[in-house]
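Dropping the structure here:
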């Protein structure tokens, strides 16, 4: 059962603000990658696409002398921590099941190693999917955050992904009945 959809998330002003700040085209592409990876690895596509869509909403823009400073970002950023909190709060406000909101927030928290101490981290399958989906869309120097997408195309892609998730979850429920 889906409590909220990607469309529900997408239309919220908080999501709009932070998705556009961190790169809407990247967020949507990452959600599409997460959908495909979730199907391949037996992970809930609803949770995977939501976590992937929101994975970068904690970004702060690091500028120096009016220019994006990628090195300053790499050294100082904790966007996954801020993003996990923002996503959890947003999802709860929208009516997501609290356990789902927690799982999504944890996947956002662990989608990157950029702020984690050195060492091996054991991720859940959902957390791994979000990390892999993000990596699948990355470009050198953080350029993936600056790709553009029109609002019309973004809406179309979000609705399409909602339909795919609904269809997939419907197939799974039907399989349980038969």
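Residue numbers (the UniProt record's numbering): 1 to 178.
Even for Gly, the Cβ is constructed at its ideal location relative to N, Cα and C.
Straight across, the Cα-Cα distance linking residue 77 with residue 60 is about 8 Å. Shown here for residue 25: same chain residues with a beta carbon closer than 7 Å to its own, the five before and five after excluded, namely 147, 148, 149 in chain order.
Per DSSP, residue 130 is one residue of the alpha helix (DSSP H) stretching across 125-137. In the pairwise beta carbon analysis, the segment 95-110 is classified as not touching the segment 14-32: fewer than three pairs are separated by under 8 Å.
When the five nearest sequence neighbours on each side are left out, the beta carbons in the same chain lying within less than 6 Å of the beta carbon of residue 9 are those of 15, in order along the chain. Residue 50 and residue 126 have their C-alpha atoms some 11 Å from each other.
Restricting attention to 21, 28, 79, 81, the CA atom closest to the CA of residue 156 is found in 28. Of the other Cβ atoms in all chains shown, 16 or more fall within 10 Å of the Cβ of residue 58; this residue is therefore buried. Distance check between residue 102 and each of 159, 169, 47, 165 places 47 closest, using alpha-carbon atoms only. Restricting attention to 132, 159, 81, the CA atom closest to the CA of residue 40 is found in 132. Within 10 angstroms of the beta-carbon of residue 124 lie fewer than 16 other beta-carbons, which makes it exposed. The beta carbons of residue 87 and residue 54 sit closer together than 8 Å. DSSP, read as helix, strand or coil, puts residue 82 in helix. Collapsing the DSSP output to three states places residue 50 in a helix.
Each of 162, 99, 94, 85 was checked against the Cα of residue 13, and the nearest Cα belongs to 94. In the assembly as shown, residue 83 is a buried residue. Its beta-carbon has 16 or more other beta-carbons within 10 Å.
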